[in-house]
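Peer 1: According to the working numbering, the residues represented by the first sequence are 6 to 504, in order.
Positions of the beta carbon are idealized from the N, C-alpha and C atoms, including for glycine.
Only a predicted model underlies this, so the values are computations on that prediction, with no experimental measurement involved.
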Amino acid sequence: MSEGAAKKEERRKFQAIRGTRDLLPPETALWNRVEETAREVFASYGFGEIRLPVFEQTELFARAVGGETDIVSKEMYTFQDPPEFTSRLIAGFAREVGAEEIKRLATNQAELLQRLYEHKERAAVRAKQGIRSPLLDLLLEPEENVESLSLRPEATASVCRAYIEENMQQWPQPVKLYTVGPMFRRERPQKGRYRQFYQIDAEVLGGSDAPGIDAELIEMVMTFFERLGLQGVQLHINSIGDKNCRPKYVELLRDELRKVKDKLGPDSQRRMETNPLRVLDSKLESEQDIIEKLPRIAQHLCDACRENYDEVKRQLALRGIVYSQNFRLVRGLDYYVRTTFEITAKGLGSQNAVCGGGRYDGLIELLGGPPTRATGFAIGEDRLILSLQEQAKSRGVASEDPRVEVYIAWMGEKAYKTAIHAAKNLRAAGFSVELPPVEQKFGKALGQADKLGARYALILGDNEVASGEWTLKTLATGEQQKLSESRLLDFLGKKRSGE
RNA sequence: GUGGGAGUAGCUCAGCUGGUAGAGCGUCGGACUGUGGCUCCGAAUGUCGUGGGUUCAAAUCCCAUCUCCCACCCCA
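1. Using DSSP with H/G/I as helix, E/B as strand and the rest coil, what is TYR203?
2. Which residues in the same chain have their Cβ closer than 6 Å to the Cβ of ALA162, if we skip the five residues on either side of it in sequence?
3. Using C-beta distances below 7 Å, list every residue in its chain close to LEU306, excluding the 5 sequence neighbours before and after it, in chain order.
4. Closest to ALA309 by C-alpha separation, out of GLN394, ALA427, LYS264, PRO216, would be which residue?
5. Helix, strand or coil, according to DSSP, for ILE55 in the structure here?
6. Report yes if the C-beta distance between THR344 and VAL327 is below 8 Å; otherwise report no.
7. Keeping to the same chain, check which residues put their C-beta closer than 6 Å to that of ASP86; ignore five residues upstream and five downstream.
8. In whole angstroms, give me the CA-to-CA distance for GLY381 and GLU45.
9. Can you name the residues that DSSP bridges to PHE60?
10. To the nearest angstrom, how far is the alpha carbon of PRO29 from that of TRP36?
11. Buried or exposed for VAL443, please, with buried defined as at least 16 other CB atoms from any protein chain shown within 10 angstroms of its CB.
12. By the 10 Å Cβ neighbour count, where 16 or more other Cβ atoms means buried, how is LEU323 classified, buried or exposed?
13. Which partner residues of THR83 appear in the DSSP bridge assignment?
14. Report the partner residues of SER329 according to the DSSP bridge assignment.
15. Nearest CA to the CA of ILE369: which residue from GLU123, GLU171, ARG38, ALA433?
16. In this structure, how does DSSP classify ALA462 when only helix, strand and coil are distinguished?
17. Which stretch, first to last residue, makes up the alpha helix (DSSP H) that contains ALA428?
18. Am I right that ILE223 and LEU321 are in contact with their C-beta atoms under 8 Å? What's the rounded C-beta distance?
19. Return the CA-CA distance between ALA303 and GLY352, expressed in angstroms with no decimal places.
20. Please return the same chain residues whose Cβ sits closer than 7 Å to the Cβ of MET6, not counting the five positions on each side in sequence.
21. Would you decide whether GLY103 is buried or exposed? Buried here means 16 or more other CB atoms lie within 10 Å of its CB.
22. What number of angstroms, rounded off, separates the C-alpha of GLU5 from the C-alpha of ARG191?
23. For my contact list, PHE230 and VAL238 are in at a C-beta cut-off of 8 Å; report their separation, rounded to the angstrom.
24. Going by CA-CA distance only, name the one from LEU210, TYR203, PHE202, PHE189 that's closest to GLN175.
25. Is it buried or exposed for VAL20, if we count other Cβ within 10 angstroms and need 16 for buried?
26. Check whether the Cβ atoms of ASP366 and VAL342 sit closer than 8 Å, and answer yes or no.
27. At what residue ranges does the region 227-300 contain a whole run of the alpha helix (DSSP H), taking only runs of 4 or more?
28. Might you give, ordered along the chain, the residues of its own chain that have their beta carbon closer than 8 Å to the beta carbon of SER399, omitting 5 neighbours on each side?
29. How should LYS181 be labelled, buried or exposed, when 16 other C-beta atoms within 10 angstroms of its C-beta is the threshold for buried?
30. By DSSP, does ARG16 sit in helix, in strand, or in coil?
31. If you draw a straight line from the C-alpha of ARG16 to the C-alpha of ILE390, how long is it?
32. Please work out which residues of its chain come closer than 6 Å, Cβ to Cβ, to THR42, disregarding the five sequence neighbours upstream and downstream, and give them in chain order.
33. CB of LEU497 to nearest heavy atom of the ligand SAH: below 7 Å?
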């Protein structure tokens, strides 16, 4: 076994797990700019930040997102807490039944669970007889001591949980919150889709369901995108009715779909039964004509929903927001009612939605809170960044700011002392300073400065130390000047503020 | 979960129909012991994703597997 092979083996042992990635400088500067912009814009609309745990009880998501959705049924990272419960259980069981038996059972989970269950029933009896063992103790442990937890696949459920738990209905209504952070879904990665992905999330909870709230929320995202200079932004809106009119429409849709069942692909035939609305979303070329002819929900809204939808549109117009109505826009999550919207951007491949949102009036009540109106959106930050990067690429714009402003080239022990002092003061004044830790020849030091993209090199040698007049070199032009320390700070300060 | 494409140096890739590896860029050192970008010279880094098979011989052909990319399902 060669050394190289061993090294390689060692290195490939650890790698970022599928669908996760490292975000590195200078790209992270863009992430920060995006998040800072969000904070500024959202604050100007009266939103405050909420920071949430990244994991919650599984039941919260099952209830909020919908137990039947793919997200909950197969895409969540779910685990037991304490984590070793199951394995301890099986290990204990193995000691009682023997290794051979457990090996056999390992290939048949159903039987294994059945046996464990029987074992548990007997455990209570045996405990009464005074028989004790670690396994028995474990089996008799109250169920509440073991919880099923999940990494959050989205943020809305947690925000609602917090609203209830923190009694936010006592706050002035509505409560406007935003949050930024990672979400987790176990999906097959593709362009703009990761297993750990980031969302910028905003929610308006409580108060009325005035269409002005929905419209202003949309205005806020659009303003945010505009502030970032995001191009090719398109707003799609729709109303999917409420619990009065949607079920009727869904039945109507299903009936119509049954008539054309033969012309539908297998996916849509399945969706026809499970979630007919999703058929509208089909990308299959052969189904497009059929979908165009299907009844549209806008024509089947109840009076209240229709009035609400009309008013949202009027309010958007008042704000000068351009939108297109998209009857095929159906949100995937169970909790949405009435207004739904989605924003797409360019350069994103097939996952081109950067923001999705809508109203979810019933959710907080569903989670055990008081009846509460609510609306919100989630921005896919990874996709937003991707789109910004694509457009920067196509326009040939340089990426984020150079990192080093002043590179200190020093020679000699005395100069080093001065350099340390200078670095400290320059940094205190807010400059980004690179101070090489070991002596280098000036040629080498300037080469380093150049490679790091530094704007200036501060040259400190015996001459400078003796005279107190330091040499500042502007790398781009090669110009040099002699400056005292105070004049140096002054000079750089002026340069930075645009002279 | 399903389908397609791809894995060769840190990066981008070449290596045709089998004869145990190259370029450019980057990194480091030197020409250049108080001045960078240019140029020139030199160096380091690979059991060619991994395992198996065919063969005298495999980066190259076959099988399996892993990872990445793209798309479907689903969704931000």
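Peer 2: Once the coordinates are examined:
1. In the three-state reduction of the DSSP assignment, TYR203 falls in the strand class, which pools E and B.
2. If you ignore the 5 residues before and after ALA162, its C-beta comes within less than 6 Å of the C-beta of LEU65, PHE66, ALA69, all in its own chain and listed in chain order.
3. For LEU306, where only same-chain residues beyond five positions count, the Cβ hits under 7 Å are SER244, GLY246, CYS250, TYR314.
4. Ranked by Cα distance from ALA309, the options GLN394, ALA427, LYS264, PRO216 are led by PRO216.
5. Judged by DSSP in its simplified three-state form, ILE55 adopts coil rather than helix or strand.
6. The beta carbons of THR344 and VAL327 sit no closer together than 8 Å.
7. Once the five neighbours on either side are set aside, the close Cβ partners of ASP86 are GLU152, LEU154.
8. Between GLY381 and GLU45, the C-alpha separation is close to 18 Å.
9. Partner(s): LEU156.
10. According to the sequence provided, residue 29 is Leu. The question's Pro does not apply to it. Between LEU29 and TRP36, the C-alpha separation is close to 10 Å.
11. Within a 10 Å sphere around the beta-carbon of VAL443 sit fewer than 16 other beta-carbons, which makes this residue exposed.
12. When all chains shown are included, LEU323 counts as exposed.
13. Looking at the DSSP output, THR83 sits in a beta bridge with SER155.
14. Partner(s): HIS241.
15. Checked all of GLU123, GLU171, ARG38, ALA433; the closest Cα to ILE369 is GLU171.
16. Three-state DSSP puts ALA462 in a strand.
17. Segment 418-433, the alpha helix (DSSP H) holding ALA428.
18. Confirmed, Cβ separation roughly 6 Å.
19. Roughly 31 Å separates the two Cα atoms.
20. At MET6 the pLDDT is 33, less than 50, meaning the model places this residue with poor confidence and gives no usable figure here.
21. Under the 10 Å beta carbon count, GLY103 is surrounded by fewer than 16 other beta carbons and is classified as exposed.
22. Nothing can be reported for residue 5, as the shown portion of the chain is limited to 6 through 504.
23. So it is a contact: roughly 5 Å between Cβ atoms.
24. With distances taken between Cα atoms, GLN175 lies closest to LEU210.
25. For clarity, residue 20 is Gln in the given sequence; the question names Val instead. It is exposed - the Cβ of GLN20 has fewer than 16 other Cβ atoms within 10 Å.
26. Yes. Within cutoff.
27. Segments of the alpha helix (DSSP H) lying fully in the region 227-300: 251-264, 271-279, 293-298.
28. Within the same chain, SER399 has close Cβ partners GLY352.
29. Its Cβ being crowded by 16 or more others within 10 Å, LYS181 is buried.
30. A caution first: ARG16 carries a pLDDT of 47, below 50, which makes its placement in the model too unreliable to give a value.
31. In this predicted model, ARG16 has a pLDDT of only 47, less than 50, meaning its place in the structure is not dependable; the value taken from the coordinates is given anyway. If I take the Cα positions, the gap works out to 30 Å.
32. Once the five neighbours on either side are set aside, the close Cβ partners of THR42 are ARG232, LEU233.
33. As far as ligands go, the structure on display features none, and thus does not contain the ligand SAH.
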